[in-house]
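Single-structure report; data block below.
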Amino acid sequence: MMHFCFLLVCPCLLSITSVHAATFKLALVGPWSCDPMFSRAMPSAAANLALSRLRSDADLSRGFWYDVKLLNEDCSASK
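Taken in order, the sequence shown gives residues -21 to -1, 1 to 58; the numbers are from mature numbering (1 follows the signal peptide of the UniProt record, and there is no 0).
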């Protein structure tokens, strides 16, 4: 009986043609070190909170991975 079940499952596994997996890299750009208000905003905590919300959403996390990177904007660019 065990071999019969294996023979039924094996062709089903072979019929899987593709697996969708991708890593999306998100960047959060801002003048984090220039402005005292933005430096107190805790951008890393906000990015991690957004990332956890993305991962918990069933429609957005169908085999996808998300990575967040904080990028510091130049102090002269924010003026």
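Here a beta-carbon is modelled for each residue, glycine too, at the ideal position from N, C-alpha and C.
Whole-Å CB distance - GLU52 paired with PRO10, under 8 Å assumed: Contact between GLU52 and PRO10 is confirmed by a C-beta separation of about 5 Å, below the 8 Å threshold.
task: Taking only the alpha-carbon atoms, compute the straight-line gap between ASP46 and ARG32 and give it to the nearest angstrom.
output: It is roughly 13 Å from the alpha-carbon of ASP46 to the alpha-carbon of ARG32.
message: Using a Cβ-Cβ cutoff of less than 8 Å, which residues in the same chain neighbour CYS54 once the five nearest sequence positions on both sides are dropped?
response: Taken in chain order, the residues that qualify are PRO10, SER12, CYS13.
message: Our contact map puts LEU7 next to LEU39 with C-beta atoms below 8 Å; I'd like the distance itself, whole angstroms only.
response: Rounded, the Cβ-Cβ distance is 17 Å, inconsistent with contact.
message: For LEU28 and PRO22, I'd like the C-alpha separation in whole angstroms.
response: Taking the straight line joining both Cα atoms gives about 10 Å.
- prompt: Under a three-way DSSP split, which group does LEU50 fall into?
  reply: If DSSP states are grouped into helix, strand and coil, LEU50 belongs with the strands.
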